[in-house]
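J.: Counting the sequence shown from 1 gives a position; my numbering is that position plus 6.
Attaching a single structure in C-alpha coordinates format; questions to follow.
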Amino acid sequence: MNKIIVHGSFESEELPKYSSTQASGADIRAYIKKEIEIPPGEHSLIPTGVYLQIPEGYEAQVRPRSGLAAKHGVTVLNSPGTIDADY
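Next comes the structure, spelled out in C-alpha coordinates:
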(Lines of atoms letter the chains of each structure in order from A and count residues from 1; the text may use other names and numbers.)
(Lines give C-alpha, C1' and ligand atoms only; values in the text may rest on other atoms or scores of the structure.)
Protein backbone atom coordinates (compact mmCIF):
# COMPACT_ATOMS: atom_id res chain seq x y z
CA MET A 1 0.00 0.00 0.00
CA ASN A 2 1.34 3.41 -0.97
CA LYS A 3 1.07 6.25 1.49
CA ILE A 4 0.63 9.98 1.02
CA ILE A 5 3.02 11.93 3.24
CA VAL A 6 1.39 14.96 4.83
CA HIS A 7 3.26 17.98 6.17
CA GLY A 8 1.76 20.93 8.00
CA SER A 9 3.13 24.43 7.87
CA PHE A 10 4.84 25.62 11.04
CA GLU A 11 1.79 27.72 11.88
CA SER A 12 -0.90 25.18 11.00
CA GLU A 13 -1.95 22.82 13.78
CA GLU A 14 -4.67 20.99 11.86
CA LEU A 15 -3.51 18.02 9.80
CA PRO A 16 -6.04 16.06 7.72
CA LYS A 17 -8.03 13.55 9.75
CA TYR A 18 -10.94 11.17 9.35
CA SER A 19 -14.01 12.45 11.19
CA SER A 20 -15.52 8.99 11.69
CA THR A 21 -14.72 5.32 11.20
CA GLN A 22 -16.94 5.25 8.09
CA ALA A 23 -15.51 8.41 6.48
CA SER A 24 -14.42 7.88 2.87
CA GLY A 25 -11.82 10.65 3.00
CA ALA A 26 -9.91 12.82 5.42
CA ASP A 27 -11.08 16.33 6.27
CA ILE A 28 -8.75 19.26 5.63
CA ARG A 29 -9.55 22.44 7.51
CA ALA A 30 -9.03 26.01 6.35
CA TYR A 31 -6.03 27.76 7.85
CA ILE A 32 -6.88 31.42 8.21
CA LYS A 33 -5.37 33.94 10.61
CA LYS A 34 -8.30 36.34 10.45
CA GLU A 35 -11.90 36.21 9.31
CA ILE A 36 -12.40 36.19 5.54
CA GLU A 37 -15.51 37.77 4.05
CA ILE A 38 -16.50 36.56 0.60
CA PRO A 39 -19.18 38.75 -1.01
CA PRO A 40 -22.10 36.99 -2.74
CA GLY A 41 -21.15 35.80 -6.23
CA GLU A 42 -17.42 36.18 -5.56
CA HIS A 43 -14.78 33.52 -4.95
CA SER A 44 -11.59 33.28 -2.92
CA LEU A 45 -8.64 30.94 -2.44
CA ILE A 46 -8.55 29.61 1.12
CA PRO A 47 -5.24 28.27 2.47
CA THR A 48 -5.01 24.99 4.38
CA GLY A 49 -1.41 25.04 5.61
CA VAL A 50 -1.11 21.42 4.42
CA TYR A 51 1.43 20.05 1.96
CA LEU A 52 1.12 16.58 0.40
CA GLN A 53 3.72 14.22 -1.07
CA ILE A 54 1.69 12.03 -3.41
CA PRO A 55 3.25 8.86 -4.88
CA GLU A 56 3.78 8.78 -8.65
CA GLY A 57 0.71 7.47 -10.44
CA TYR A 58 -1.68 8.63 -7.72
CA GLU A 59 -3.76 11.72 -7.06
CA ALA A 60 -5.54 13.43 -4.19
CA GLN A 61 -9.00 14.93 -4.58
CA VAL A 62 -10.51 17.99 -2.96
CA ARG A 63 -14.28 17.88 -2.51
CA PRO A 64 -16.64 20.20 -0.67
CA ARG A 65 -18.37 19.08 2.50
CA SER A 66 -22.11 18.92 1.89
CA GLY A 67 -22.93 20.65 5.19
CA LEU A 68 -20.61 23.57 4.47
CA ALA A 69 -22.20 24.09 1.06
CA ALA A 70 -25.78 23.68 2.31
CA LYS A 71 -25.43 25.84 5.41
CA HIS A 72 -23.03 28.54 4.19
CA GLY A 73 -22.94 28.36 0.38
CA VAL A 74 -19.21 27.57 0.41
CA THR A 75 -17.98 25.00 -2.09
CA VAL A 76 -15.00 23.92 -4.21
CA LEU A 77 -15.44 25.57 -7.62
CA ASN A 78 -13.74 22.87 -9.69
CA SER A 79 -15.13 19.99 -7.67
CA PRO A 80 -13.71 17.50 -7.48
CA GLY A 81 -10.36 19.25 -7.52
CA THR A 82 -7.49 16.99 -8.55
CA ILE A 83 -4.01 17.28 -7.04
CA ASP A 84 -1.54 15.41 -9.24
CA ALA A 85 1.57 13.73 -7.84
CA ASP A 86 3.85 16.21 -9.64
CA TYR A 87 1.99 19.38 -8.62
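Every residue gets a Cβ at the ideal spot worked out from N, C-alpha and C, and that includes glycine.
How big is the Cα-Cα spacing for Gly55 and Ile42?
T.: Spanning the two alpha carbons is a distance of roughly 16 Å.
J.: Of the residues Ile11, Lys39 and Gly79, which one's Cα is nearest the Cα of Glu48?
T.: The option with the nearest alpha carbon to Glu48 is Gly79.
J.: Taking the alpha helix (DSSP H) that Ala76 belongs to, which residues open and close that run?
T.: Run containing Ala76: Ser72 to His78, per the alpha helix (DSSP H) assignment.
J.: Using only alpha-carbon positions, find the residue among Gln59, Lys40, Ile34 and Pro70 that is nearest to Val82.
T.: When each option's Cα is compared against that of Val82, the closest is Pro70.
J.: What are the partner residues of His13, as DSSP defines its beta bridges?
T.: Answer is Tyr57, bridged to His13.
J.: If you reduce the DSSP assignment to three classes, tell me which class Ala29 lands in.
T.: Three-state result, Ala29: coil.
J.: Does the separation of the CB atoms of Gln67 and Pro86 fall below 9 Å?
T.: For Gln67 and Pro86, yes; Cβs fall inside 9 Å.
J.: Smallest Cα separation from Tyr64: which of Asp92, Gly14, Ile34 and Gly31?
T.: Measuring from the Cα of Tyr64, the nearest candidate turns out to be Asp92.
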